[in-house]
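Heads up, the sequence shown is in UniProt numbering, so the first residue is 1 and it goes up one at a time.
First comes the structure, then the notes that go with it.
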Amino acid sequence: MIELKSAEEIRRMAVTGQFVGELLGELSGVAAVGVNLMDLEHLARRRIKERGAESCYWDYAPSFGRGPFRNVLCLSVNDAVLHGLPHDYVLQDGDLLSIDMAVGVDGWVADSAVSVIVGTPDPADLKLIEATEVALEAAIAASQAGGRLGDVSNAIGEVARSYGYGVNGEFGGHGIGRTMHESPHVSNDGRAGRGMRLEPGLTIAIEPWFCRSTDKIMYDRDGWTIRSADGSRTAHSEHTVAITDSGPQVLTRRPAQVAGSAADTTENPAAAS
1 MIELKSAEEI
11 RRMAVTGQFV
21 GELLGELSGV
31 AAVGVNLMDL
41 EHLARRRIKE
51 RGAESCYWDY
61 APSFGRGPFR
71 NVLCLSVNDA
81 VLHGLPHDYV
91 LQDGDLLSID
101 MAVGVDGWVA
111 DSAVSVIVGT
121 PDPADLKLIE
131 ATEVALEAAI
141 AASQAGGRLG
151 DVSNAIGEVA
161 RSYGYGVNGE
171 FGGHGIGRTM
181 HESPHVSNDG
191 RAGRGMRLEP
201 GLTIAIEPWF
211 CRSTDKIMYD
221 RDGWTIRSAD
231 GSRTAHSEHT
241 VAITDSGPQV
251 LTRRPAQVAG
261 SAADTTENPA
271 AAS
């Protein structure tokens, strides 16, 4: 069942979205050479607790995965693209890091993701991140009341192909609101003019993700972390969006959009935060 939200309910989701955007912006700035992934995880835990929010990831136990998820972030490095488990890994120069998070505040949820390069950027990685961001903006622009869900999916697929990337259809975006995953599924490829009609009050998480040289994926032994099947680099971008009569409303914008490269430093600000 799809629940359309009122203007007041979208406003309350936007409060959550602002927190998510601010925290993702902070985490992206902290991610640097010499920072351990667990420092990012623990920083996020502190910020969520300080806000009185609740992580949607903690104890999440879908049909995939191995046991309940016991972290508040998905941290995916290099060839990992989705559901990366935070673990004892120190970020290296040139790493491509995707940070994904979803939280609830006062019963309303927002979900967002960003990919950044730590230290020295590889132009091919910058292109890959750019493709996900351009695809996300194209999909947001296509999220118009009276349009079709296929318009959103098609926008993502067309951008992927224009950059020379394939699209994997196993994981995509989703409805969101009172819980992290609601109907409908938002595929990362589709046919324009097809699918359900987009009505005001629909809230969706749009999340294009691409692998550099394959559209196939594989799972780590942890049952969670999803990687490109050929070991190529990956990137992931996501926003929570509300369909309104006046156009799409992005609920998870960050205070300053990430430029694609995190600061190169050996200092560990997360540990001291």
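We put the CB at the ideal spot given by N, CA and C, even for glycine.
Next item on the list: Say whether chain D places a C-beta atom closer than 9 Å to the C-beta of Asn188.
Entry: The structure shown has no chain D; it contains just one protein chain.
Note to self: Between the alpha carbons of Met1 and Leu40, how many angstroms are there, rounded?
What the structure shows: In the sequence shown, the residue the question calls residue 1 occupies position 1. In the sequence shown, the residue the question calls residue 40 occupies position 40. Taking the straight line from one Cα to the other gives about 36 Å.
Note to self: Between which residues of its own chain and Met218 is the CB-CB distance below 7 Å, once the five residues before and five after are set aside?
What the structure shows: In the sequence shown, counting from the first residue as 1, residue 218 sits at position 218. In the same chain as Met218, and ignoring 5 residues on each side of it, the C-beta atoms closer than 7 Å to its own belong to Arg227, Ala229, in chain order.
Next item on the list: Please state whether DSSP places Glu54 in a helix, a strand or coil.
Entry: Your numbering for residue 54 matches position 54 in the sequence shown. DSSP places Glu54 in the strand class (E or B) of the three-state scheme.
Next item on the list: Flag this pair as touching only if the stretch 10 to 20 and the stretch 98 to 111 have three or more C-beta atom pairs under 8 Å; answer yes or no.
Entry: Three or more beta-carbon pairs drawn from the stretch 10 to 20 and the stretch 98 to 111 are found closer than 8 Å, and the two stretches are therefore classed as touching.
Margin query: Taking the straight line between their C-alpha atoms, what separation do you get for residue 288 and Phe69?
Written below: It is not possible to answer for residue 288, since the shown part of the chain is limited to 1 through 273.
Check: What is the DSSP secondary structure of Gly173, counted as helix, strand or coil?
Finding: On the sequence shown, position 173 is the one that residue 173 refers to. Note: Gly173 maps to strand in three-state DSSP.
Notebook entry, point to check: For Ala32 versus Leu91, is the C-beta spacing smaller than 9 Å?
Noted result: Locating residue 32 in the sequence shown gives position 32, counting from the first residue. Locating residue 91 in the sequence shown gives position 91, counting from the first residue. Cβ distance < 9 Å, so Ala32 and Leu91 count as in contact.
Next item on the list: For the alpha helix (DSSP H) containing Ser162, list its first residue and its last residue.
Entry: For this step, residue 162 is matched to residue 162 along the sequence shown. Ser162 -> alpha helix (DSSP H) spans 149 to 163.
Notebook entry, point to check: Under 9 Å, do Gly190 and Gly150 count as touching if we go by C-beta distance?
Noted result: Residue mapping note: residue 190 aligns to position 190 of the sequence shown, counting from 1. Residue mapping note: residue 150 aligns to position 150 of the sequence shown, counting from 1. The beta carbons of Gly190 and Gly150 sit closer together than 9 Å.
Notebook entry, point to check: Is the stretch 239 to 252 close to the stretch 200 to 209, with three or more CB pairs under 8 Å?
Noted result: Three or more pairs of CB atoms, one per stretch, sit closer than 8 Å, so the stretch 239 to 252 contacts the stretch 200 to 209.
Next item on the list: For Tyr60, collect the residues of the same chain with a Cβ closer than 7 Å to its Cβ; drop the 5 residues on either side in sequence, then sort them by chain order.
Entry: Along the sequence shown, read from residue 1 onward, the residue named residue 60 stands at position 60. Same-chain partners within the cutoff: Pro68, Phe69.
Notebook entry, point to check: According to DSSP, is Ile204 helix, strand or coil?
Noted result: Counted from its first residue, the sequence shown places residue 204 at position 204. Residue state, collapsed to three classes: strand.
Next item on the list: Could you tell me if Asp222 is buried or exposed, where buried requires 16 or more neighbouring beta carbons within 10 angstroms of its beta carbon?
Entry: One-based indexing of the sequence shown puts residue 222 at position 222. When all chains shown are included, Asp222 counts as exposed.
Check: In whole angstroms, what is the alpha-carbon distance linking residue 316 and Gly52?
Finding: No answer is possible for residue 316: the residues shown for the chain start at 1 and end at 273.
Next item on the list: Might you give, ordered along the chain, the residues of its own chain that have their beta carbon closer than 7 Å to the beta carbon of Gly172, omitting 5 neighbours on each side?
Entry: Locating residue 172 in the sequence shown gives position 172, counting from the first residue. Answer for Gly172: His185, Val186, Ser187, Asn188, Glu207, listed in chain order.
Check: What whole-angstrom Cβ distance do Val236 and Ala205 have, given they're in contact under 8 Å?
Finding: Counting from one through the sequence shown, the residue named residue 236 turns up at place 236. Counting from one through the sequence shown, the residue named residue 205 turns up at place 205. The sequence given here places His at residue 236; Val does not occur at that position. Contact between His236 and Ala205 does not hold, since the beta-carbon distance rounds to 12 Å and is not under 8 Å.
Margin query: Going by DSSP, what residue range makes up the alpha helix (DSSP H) through Thr240?
Written below: Within the sequence shown, numbered from 1, the residue matching residue 240 stands at position 240. Taken as a continuous stretch (DSSP letters only), Thr240 belongs to no alpha helix (DSSP H), being part of the beta strand (DSSP E) at 239 to 242.
Check: Where Arg46 and His181 are concerned, what is the direct C-alpha to C-alpha distance, given to the nearest angstrom?
Finding: To locate residue 46, count along the sequence shown from 1; it is residue 46. To locate residue 181, count along the sequence shown from 1; it is residue 181. So the alpha carbons of these two residues sit roughly 24 Å apart.
Note to self: Would Arg254 and Leu96 qualify as a contact pair, given that the criterion is a beta-carbon distance under 9 Å?
What the structure shows: Walking along the sequence shown from the start, residue 254 turns up at place 254. Walking along the sequence shown from the start, residue 96 turns up at place 96. No, Cβ-Cβ distance for Arg254 and Leu96 is not below 9 Å.
Next item on the list: Specify the secondary structure class of Pro39 as computed by DSSP and reduced to three states.
Entry: Mapped onto the sequence shown, residue 39 falls at position 39. It should be pointed out that residue 39 corresponds to Asp in this sequence rather than to Pro. Helix at Asp39.
Notebook entry, point to check: What is the C-beta distance between Thr214 and Gly166, in whole angstroms, given that I count them as a contact (C-beta under 8 Å)?
Noted result: One-based indexing of the sequence shown puts residue 214 at position 214. One-based indexing of the sequence shown puts residue 166 at position 166. In this structure Thr214 touches Gly166 by the C-beta definition: roughly 7 Å separates them, less than 8 Å.
Margin query: Report the start-end ranges of each beta strand (DSSP E) in the stretch 40 to 128 that is 3 residues or longer and not cut off at the edges.
Written below: Runs of the beta strand (DSSP E) lying entirely within the stretch 40 to 128, each at least 3 residues long, are 74 to 77, 80 to 82, 96 to 105, 108 to 118 in chain order.
Next item on the list: Could you name the residues of the same chain whose beta carbon sits closer than 7 Å to that of Arg194, not counting the 5 residues immediately before and after it, in chain order?
Entry: Here residue 194 refers to the residue found at position 194 when the sequence shown is read from its first residue. Same-chain partners within the cutoff: Arg148, Gly150.
Check: Any idea if Glu26 is buried or exposed, counting beta-carbon neighbours within 10 angstroms, 16 or more meaning buried?
Finding: Locating residue 26 in the sequence shown gives position 26, counting from the first residue. Counting the other Cβ atoms within 10 Å of the Cβ of Glu26 gives 16 or more, which makes it buried.
Notebook entry, point to check: Just how far apart, CA to CA, sit Asp125 and Ile176?
Noted result: For the purposes of this step, residue 125 is identified with residue 125 of the sequence shown, where counting begins at 1. For the purposes of this step, residue 176 is identified with residue 176 of the sequence shown, where counting begins at 1. Straight-line Cα distance between these residues: approximately 29 Å.
Next item on the list: Indicate whether Val81 and Tyr89 have their beta-carbon atoms separated by less than 9 Å.
Entry: Taking the sequence shown and counting its residues from 1, the one referred to as residue 81 is at position 81. Taking the sequence shown and counting its residues from 1, the one referred to as residue 89 is at position 89. With contacts defined by Cβ atoms closer than 9 Å, Val81 and Tyr89 do not form a contacting pair.
Next item on the list: Could you give the DSSP three-state label for Arg12: helix, strand or coil?
Entry: The count along the sequence shown starts at 1 and reaches residue 12 at position 12. Arg12 falls in the helix class under three-state DSSP.
Note to self: So if DSSP puts Trp209 in a beta bridge, which residue, or which two residues, is it bridged to?
What the structure shows: What you label residue 209 is simply residue 209 of the sequence shown in a count that begins at 1. According to DSSP, residue pairing for Trp209 in a beta bridge involves His236.
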